[in-house]
Structure formats: C-alpha cells, structure tokens
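These notes concern the structure reproduced below.
In the UniProt record's numbering, the protein residues as written are 1 to 373.
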C-alpha cells in the first residue's frame with residue numbers, strides 16, 4: 001500500500017523561521033495504537049554534552065507545585081496538582097519533562113532551538129506565569145484531555161526563565177496525547193500560544209511542527225512495498241533487495257530527516273495486540289533513532305564534560321495511556337523498567353514526591369548463559 005495519504009493530515013502552512021541551530025538535544029517521538037485500544041506515546045531523549053542524570057518522579061495528586069523565580073526575582077505561579085503522575089526529570093529539575101498522569105494523559109517536552117519564543121514576561125502577572133521547562137508538568141498535573149490542556153494553557157503565561165545549568169531558557173515544544181486518541185503539539189511562536197493537531201503522533205525538533213508536516217509532501221512516493229522491475233532498451237532492472245519502496249528515505253540525524261523516518265516507520269508498523277506488545281514495537285522502531293555519542297555533535301558544541309556517555313540517546317520511554325504503565329530503558333542498561341500506576345494510590349502518598357535514579361549504579365543487566373560443565 002502507499003505509505004502516505006497525507007492530504008487530510010498535513011497541517012496548514014504557517015510562518016517558518018530560518019535559523020542555525022545545534023543538534024545537542026535531538027529527541028524523537030512517535031505514537032502507536034494496539035488492537036485492545038492501547039495508545040502508546042514513546043520517545044527518545046538525546047543530549048550529547050553531558051549526563052542528564054535522569055530520575056523517575058512519582059508525584060501524588062494534590063502536590064503543591066512552584067514555578068520558582070521569575071526573571072525579575074518575583075515568585076511565579078503556585079498550583080495544586082489535580083492528578084498524580086509518573087515521569088522522568090532531568091538535570092535535577094524538580095518536575096518531569098516527560099510523563100503520564102493517572103487520568104491517562106501523557107506529555108513530553110522536545111527541544112526547539114531557534115524557533116521557540118515564549119510569551120512576554122509581565123511583572124504584574126508573575127503569579128500567573130511558569131517557565132517553559134515546567135510546561136509538561138503543568139499540563140500533566142492539571143488536565144485529563146488534550147482539549148482541556150489546549151483551553152487551560154490560554155489562561156497561564158509561559159515565559160522564558162534562564163536555566164542555571166545551561167545559562168539560557170530551555171526552548172521547548174510539547175507533544176500531548178490522551179487515552180481517547182487526542183494528540184496535539186503545543187508551541188510558542190512569536191510570543192503566542194500555538195496549538196497544532198498531531199494526527200500522526202510524531203515529533204522531533206526544529207523547525208516548527210507545521211513545517212515538518214508540510215515537508216512530508218516531498219516524500220509521498222515512499223512505500224512499504226518494493227518497487228517492480230522495469231525494462232529499458234531490452235534490459236530488465238529490478239531492485240537488489242527488500243526495501244526499495246523506501247528509496248529516498250533520509251537517513252541523517254537532523255530533525256527534518258528524523259521526522260520523515262519516524263512517520264515512515266510508525267505508519268508502516270506491524271499490527272500489535274496492545275499493552276507491552278505495542279510498547280515493544282515502539283521501542284523497536286525507536287532503536288532506529290539512537291544517536292551514537294559524538295556522532296551528531298562535533299566542534300560546534302562548547303558545553304562539554306568528563307562524563308562517559310555510551311550514547312547521545314540517554315533514555316527511551318513509553319507511556320501506555322490505557323493501561324497506565326510507564327516504561328523506560330537507558331544508555332547504561334537496555335533492560336526495560338516500568339512503573340505500574342494502577343498499583344499506586346496517588347491520593348494516599350502524602351505531600352512529597354518519590355524520586356529515584358533511572359539507573360543508579362550505571363551498570364547493565366547481563367545474564368550469563370554460559371553452560372556449566
């Protein structure tokens with residue numbers, strides 16, 4: 001079958017900015033559905049310069065969140081979480097950048113350098129302002145559906161606050177998905193909240209989301225089926241192997257190329273039963289997006305450390321919105337770990353979140369299969 005019937009799916013073209021951006025954070029996100037109704041949002045998290053020191057956060061419902069200090073020193077918004085959640089935090093940030101809440105809403109931040117322009121910070125609205133790096137946590141703590149999230153974000157200001165580790169505000173956009181099949185991408189363009197429908201459930205990095213969707217029109221020839229043999233001047237030319245229908249599929253690590261590949265692989269994925277079978281397929285697809293350490297960085301990066309990184313892809317996660325299970329594996333240990341949210345009473349956890357390292361000893365799980373004599 002033809003891979004793309006995208007006339008109805010491609011978003012309307014908008015303003016596209018042109019900028020030179022670094023590939024330091026090169027995340028890829030996809031979505032798959034299972035026959036049992038499972039909806040899985042899965043993603044990689046790449047960062048080349050140093051270890052993100054990822055941690056699992058289990059946060060109770062009713063938790064008190066603080067936006068912290070705004071650019072002028074005032075305190076930002078404080079709010080109570082409506083829902084409990086499980087997610088991954090990075091760089092000792094106190095809230096997840098990717099996660100799943102107990103209502104089945106999942107969300108993940110993705111780097112968008114050169115294109116994100118948060119809303120203007122207004123001192124008189126400090127108490128209604130949050131930094132961009134708390135966008136995922138805010139959405140997960142408050143909302144059950146993508147429609148609720150899109151409407152609710154109109155009432156809060158998302159502003160740029162300098163991150164102490166990097167020395168500049170994190171430029172992010174956000175993929176949000178609910179258990180009913182809704183999926184949107186949230187961006188801040190020219191200082192305004194912009195919401196895109198995301199029917200394909202794919203996201204990468206710069207440029208803006210609508211540019212990537214328009215770019216798919218350049219790849220409508222791609223197919224999961226092999227090309228037929230052709231004849232010319234009495235000679236027959238046939239494909240040399242399987243996969244000829246994907247000739248022209250871009251293979252580099254840039255966000256536009258990864259977006260096209262992610263759509264190609266997720267739209268031609270095998271049928272899955274749901275639950276972990278769907279998660280397994282998502283992880284298998286995302287294996288194609290693992291970026292070797294230093295393969296996409298180079299001399300342009302001036303943020304380096306002595307951390308030993310086995311991969312620029314530091315963690316890969318999957319959120320099953322129907323079955324309420326959050327999965328991950330790391331660059332240190334490819335063994336799949338999970339948190340089953342159905343076994344957690346988020347209302348009885350108290351007032352503190354539970355935090356633990358995703359791979360504390362930084363050692364792989366190796367099973368010795370050598371037969372004994």
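Just so you know, even glycine gets a beta-carbon here, dropped at the ideal spot from N, CA and C.
Remember, predicted model here, so these are calculated numbers, not experimental data.
Out of the options, which one is the CA nearest neighbour of residue i?
i	options	result
residue 382	208, 127, 236, 177	Residue 382 falls outside the range modelled here, since the chain spans only 1 to 373, and no answer is possible.
residue 277	257, 323, 235	323
residue 78	292, 63, 92	63
residue 170	143, 136, 180, 202	136
residue 337	326, 122, 344	326
residue 102	349, 140, 280	140
residue 317	49, 74, 106	106
residue 202	114, 348, 255, 321	255
residue 112	189, 69, 266, 51	189
residue 348	53, 287, 332, 83	83
residue 120	344, 26, 193	193
residue 50	271, 165, 180, 279	165
residue 351	65, 209, 215, 123	65
residue 110	173, 210, 273	173
residue 74	92, 228, 333, 125	125
Our contact map puts residue i next to residue j with C-beta atoms below 8 Å; I'd like the distance itself, whole angstroms only.
i	j	result
residue 59	residue 85	5 Å
residue 328	residue 365	At roughly 14 Å, the Cβ-Cβ gap does not stay under 8 Å, so residue 328 and residue 365 are not in contact.
residue 313	residue 44	5 Å
residue 118	residue 152	With a Cβ gap of about 17 Å, residue 118 and residue 152 do not count as contacting.
residue 353	residue 57	5 Å
residue 204	residue 264	Not confirmed; about 13 Å, so no contact.
residue 76	residue 87	That pair is no contact at about 20 Å.
Give me the Cα-Cα distance between residue i and residue j, rounded to the nearest whole angstrom.
i	j	result
residue 13	residue 80	Because the pLDDT at residue 13 is just 26, under 50, the model does not fix this residue reliably, and the value given afterwards should be weighed accordingly. Going from the Cα of residue 13 to the Cα of residue 80 covers about 37 Å.
residue 30	residue 39	11 Å
residue 301	residue 249	With a pLDDT of 49 at residue 301, under the threshold of 50, the modelled position of this residue cannot be trusted; read the value that follows with caution. C-alpha separation (whole angstroms): 28 Å.
residue 21	residue 356	The pLDDT assigned to residue 21 is 38, lower than 50, so where the model puts this residue is not dependable, and the model offers no usable value.
residue 291	residue 94	27 Å
residue 233	residue 217	32 Å
residue 37	residue 108	21 Å
residue 258	residue 371	42 Å
residue 163	residue 116	15 Å
residue 363	residue 144	37 Å
residue 184	residue 319	16 Å
residue 213	residue 260	9 Å
residue 346	residue 100	13 Å
residue 148	residue 200	20 Å
residue 339	residue 138	21 Å
residue 285	residue 360	26 Å
For residue i and chain B, any beta-carbon pair shorter than 8 Å?
i	result
residue 279	Annotation note: the requested chain B is absent from the structure, which comprises a single protein chain.
If you count every other CB in all the chains shown that lies within 10 Å of the CB of residue i, and 16 or more means buried, which is it?
i	result
residue 34	buried
residue 246	buried
residue 369	exposed
residue 196	buried
residue 46	buried
residue 98	buried
residue 55	buried
residue 230	exposed
residue 123	exposed
residue 252	exposed
residue 238	exposed
Problem set entry | the region 126-143 in contact with the region 214-228 per 3-pair CB rule at 8 Å | no
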